[in-house]
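Numbering (my numbering), first residue to last: 1 to 241. Using N, Cα and C, we set each Cβ at its ideal position, and we do this for glycine too.
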Amino acid sequence: MIGPVINSAAIIIGSGVGALFGDKIPSDIQKRMPIVFGFASMGLGIAMVMKLNSLPVVILTLLIGTIIGELIQLEEKITVLAGKLKQLVEKFTPPQNPTIQQNEYMDTFISILILFSMSGTGIFGSMNEGVTGDASLLIVKSFLDFFTAIIFAIRLGLPVATLAIPQCLIQLILFFSASALLPLTDAKMVADFSAVGGLVMFATGFRICNIVSYPVANMIPALILAMPVSALWAGIMIQFH
């Protein structure tokens, strides 16, 4: 399980570097790199969507999952939890940027949480290492997360480091459950799952770039539904052939 450990360490170290030494980084880089990370999220999302097996499955899953997220107000609950994490960290360290508005802070914080924890690279990389022992995908992700953490910690401070906690938990759960989950899936289910994750990543990129401020966390239930809906759809289609 070296992959999840390295990935989480990259976020913690990157956050520390950004929070403590951010004033050494040119202001132009500080302003423009978040946009680049948004573009990267969109690009990853597009690449993942291109893997889809069944468009009806992907769209239906996204719609149902988002409705569930809206009904249970998932982003609001995550925002409350994220706010508590922020307050806990700031008891020991001063706010990095006291001029940033609270709603802008939390909007960015949630976007980074999704970028770190819900990306297809992280999810598949964790499961892949659990089965094959190959951590290369998570190590590659660690490079991106390291620099992402540096740039965003300049604005948001050390609380960014706390995002390593949910990411590590998710990756470890996937790592240890991979040997049981993967035999129950097939290539088509994985493809549809990746496509749904790609749409979430694409929406996250829009949010990071401040193009559309949609509560992307409300789309997360779609990730849970993707494989079951894909399997159900395949079974229904077989009945008509």
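Use the C-beta contact count for residue i: other C-beta atoms within 10 angstroms, 16 or more gives buried, fewer gives exposed.
| i | result |
| --- | --- |
| residue 111 | buried |
| residue 197 | buried |
| residue 180 | exposed |
| residue 31 | exposed |
| residue 29 | exposed |
| residue 39 | exposed |
| residue 102 | exposed |
Can you tell me where the alpha helix (DSSP H) holding residue i begins and where it ends?
| i | result |
| --- | --- |
| residue 105 | 102-117 |
| residue 22 | Here residue 22 belongs to no alpha helix (DSSP H), and DSSP marks it neither H nor E. |
| residue 42 | 27-49 |
| residue 168 | 164-181 |
| residue 152 | 136-156 |
| residue 184 | From DSSP, residue 184 is part of no alpha helix (DSSP H); its letter is neither H nor E. |
| residue 237 | 221-239 |
| residue 215 | Looking at the DSSP string, residue 215 is not in any alpha helix (DSSP H), and its letter there is neither H nor E. |
State the Cα-Cα distance for the pair residue i and residue j, rounded to the nearest angstrom.
| i | j | result |
| --- | --- | --- |
| residue 139 | residue 154 | 23 Å |
| residue 204 | residue 237 | 32 Å |
| residue 150 | residue 16 | 7 Å |
| residue 44 | residue 54 | 19 Å |
| residue 188 | residue 194 | 10 Å |
| residue 135 | residue 126 | 8 Å |
| residue 158 | residue 178 | 32 Å |
| residue 123 | residue 213 | 24 Å |
| residue 220 | residue 115 | 12 Å |
Between residue i and residue j, which are expected to be in contact by the criterion C-beta below 8 Å, what is the C-beta distance as a whole number of angstroms?
| i | j | result |
| --- | --- | --- |
| residue 164 | residue 61 | That belief does not hold up - the Cβ atoms of residue 164 and residue 61 are roughly 28 Å apart, past 8 Å. |
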